[in-house]
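Input: a single structure, listed below in structure tokens.
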Amino acid sequence: MKNNLGKLIFFIILTVTIYADGFTTDFKLSKNNPYVKESIILTVDVNQTDDSSVMLFKFDIKKSKDYIFNRIDIKTEDNYHNVKIKYIYKIYPLKSGDIDIGFNLIQMITTDEKLAYSFSGDRDNVRGLNKTDIPISLNPVTIKVKALPKDTQIVGDFRLDYKIKKDKVKAYEPIPIDVTIKGKGYLPLDLNLIPKSDKYSIFQEVKSKLYTVDYSLALSAKSSFKLDDIIINGFNPKLEKSYKLIIPKHQFSVTTPNISKLVDSVNNPELLSKELIDWEKVISFFKYLFIFILGFITAKLIDFNKISKIEESSFIDKIKNTKKDKELLRLLLAKDSIKYKKEIYLLDNLIYGDKKGSFSDIKNSLIIKERI
4 MKNNLGKLIF FIILTVTIYA DGFTTDFKLS KNNPYVKESI ILTVDVNQTD
54 DSSVMLFKFD IKKSKDYIFN RIDIKTEDNY HNVKIKYIYK IYPLKSGDID
104 IGFNLIQMIT TDEKLAYSFS GDRDNVRGLN KTDIPISLNP VTIKVKALPK
154 DTQIVGDFRL DYKIKKDKVK AYEPIPIDVT IKGKGYLPLD LNLIPKSDKY
204 SIFQEVKSKL YTVDYSLALS AKSSFKLDDI IINGFNPKLE KSYKLIIPKH
254 QFSVTTPNIS KLVDSVNNPE LLSKELIDWE KVISFFKYLF IFILGFITAK
304 LIDFNKISKI EESSFIDKIK NTKKDKELLR LLLAKDSIKY KKEIYLLDNL
354 IYGDKKGSFS DIKNSLIIKE RI
């Protein structure tokens, strides 16, 4: 007898705990056998166990051509001589097979006296923190990545909407086509929706935002043509199922001007009449030409700056989430004690000095400073 109990979803958690001198590191993977370009979540906990000294930590994933990543969160607990930091990353493997994810970790050790001494200068002359930096060697975490079905272009759960604004035009008049792909997963921004052809020219501009990519397309041709089915091959790793996003084939009618009407049989002709020049179409053509040029330049500029911006935004969120002055102080010391020397001095004065100033004012000024 066959029992249908519904679909069960299992989350594979890989946990590795490493004990080092005075602290532990704990690694957790949401999945250790993903598909290529399937996102996995890595959580790293760094916990101080030796309370005899002040400890700070700098941690990050090593860069590699085998994967891309971005840090999506960092949480800290500011307990006296008991640092607890949680780093959360999203990782996309880019090839199949075994992939080693490497790490960089620096343990920084100091004392309360040295920490206080670093703030003993005046407001504009905060002393450098006297500390001992210890590079920590961490074993990589290995994931076994499964290959995608052949010809897969996008990975995740996506849907497609499109709009062909007109299919009857004059020769070389732009044919606007809007395409929107929405969903979660790995969607490359350099996806070429319409294949190249000698029958038409293609102009394309791409705009992306959270869970959505918009394609503004324009085709230009001198004669009628047919656009075959546009098929985007997708794969949903959670369902382990392939699917297709389709824009159905479409016939476009392009009117070619009558050459005989363009031949002038009169000497010294009058100025071109308004009927021979459709200024609205001319303006429309240059509009889509501008879109093409802008899209080309934008494509050249797209790189991993997006990940950098996410990391900068993540640091602003960490500042916003701090609840105590000591918590914010430790965050700034771990990030860059020179860059934030003014704010570190103000926080130190607020905690250990004359108590003048406002924690919220310092935090707000930091947020404004990071956004500039």
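Using this note's numbering, the first residue of the sequence shown is number 4, and each one after it goes up by one. Each residue gets a CB set at the ideal place from its N, CA and C atoms; glycine is no exception. Quick caveat, the model's predicted, so the values are computed rather than measured.
Among the residues of its own chain, which have a CB less than 7 Å from the CB of residue i, if the five just before and after it don't count?
i: Lys147; result: Asn35, Asn36, Asp101
i: Ser211; result: Leu192
i: Lys252; result: Lys229, Leu230, Asp231, Asp232
i: Ser227; result: Phe255, Ser256, Val257
In angstroms with no decimal places, state the Cα-to-Cα distance between residue i and residue j.
i: Leu349; j: Ile137; result: 28 Å
i: Leu222; j: Asp164; result: 18 Å
i: Pro260; j: Lys173; result: 8 Å
i: Lys166; j: Lys199; result: 20 Å
i: Lys326; j: Phe362; result: 9 Å
i: Phe26; j: Gln51; result: 4 Å
i: Ile139; j: Lys87; result: 17 Å
i: Arg333; j: Lys323; result: 14 Å
i: Leu335; j: Thr215; result: 34 Å
i: Ile250; j: Thr145; result: 40 Å
i: Asp125; j: Glu346; result: With a pLDDT of only 44 at Asp125, under 50, the local geometry of the prediction cannot be trusted, and the value read off the model is given with reservation. Those two C-alpha atoms are separated by around 12 Å.
i: Pro177; j: Lys168; result: 10 Å
i: Asp181; j: Asn85; result: 55 Å
i: Ile157; j: Thr183; result: 14 Å
i: Leu11; j: Leu190; result: Note that Leu11 has pLDDT 38, beneath the 50 cutoff, so the model's placement of it is unreliable and the number below is only indicative. Going from the Cα of Leu11 to the Cα of Leu190 covers about 27 Å.
i: Ser42; j: Gly360; result: 44 Å
i: Asn367; j: Pro179; result: 45 Å
i: Val49; j: Leu213; result: 30 Å
Do residue i and residue j have their C-beta atoms closer together than 8 Å?
i: Gly159; j: Lys185; result: no
i: Ile94; j: Ile109; result: no
i: Ile77; j: Lys89; result: yes
i: Val209; j: Tyr218; result: yes
i: Tyr92; j: Ile64; result: yes
i: Lys229; j: Gln207; result: no
i: Leu2; j: Tyr38; result: Not covered by the structure: residue 2. The range shown for the chain is 4 to 375.
When you compare each of the options to residue i by their alpha carbons, which one comes out closest?
i: Phe106; options: Asp351, Glu346, Thr28, Leu222; result: Thr28
i: Lys98; options: Phe362, Lys40, Ala337; result: Lys40
i: Leu353; options: Lys329, Tyr343, Lys342, Ile341; result: Lys329
i: Ser1; options: Asn82, Glu243, Leu213, Ser33; result: One cannot answer for residue 1 here, as it falls past the ends of the chain, which runs 4 to 375.
i: Leu220; options: Gln254, Ile205, Ser211; result: Ile205
i: Lys149; options: Ile112, Thr114, Phe62, Pro240; result: Pro240
i: Ile75; options: Asp320, Leu194, Ser256; result: Asp320
i: Thr155; options: Asp69, Lys244, Glu373; result: Lys244
What residues in its chain sit with their C-beta under 8 Å from that of residue i, if we drop five residues either side in the sequence?
i: Lys247; result: Ile234, Ile235, Asn236, Gly237
i: Thr114; result: Ser56, Val57
i: Ile370; result: Ile319, Ile322, Lys323
i: Lys225; result: Ala174, Tyr175, Val257, Thr259
Here's a check: name, in chain order, each residue in its chain whose Cβ is nearer than 6 Å to the Cβ of residue i, leaving out the five neighbours to either side.
i: Lys153; result: none
i: Met111; result: Leu59, Lys134, Asp136
i: Val47; result: Phe30, Tyr90
i: Lys171; result: Ser256
i: Ser317; result: Arg74
i: Asp53; result: Gly25
i: Pro143; result: Asp103, Ile104, Gly105
Quiz prompt | Given 8 Å, three or more beta-carbon pairs between the segment 79-99 and the segment 340-347 | solution = no
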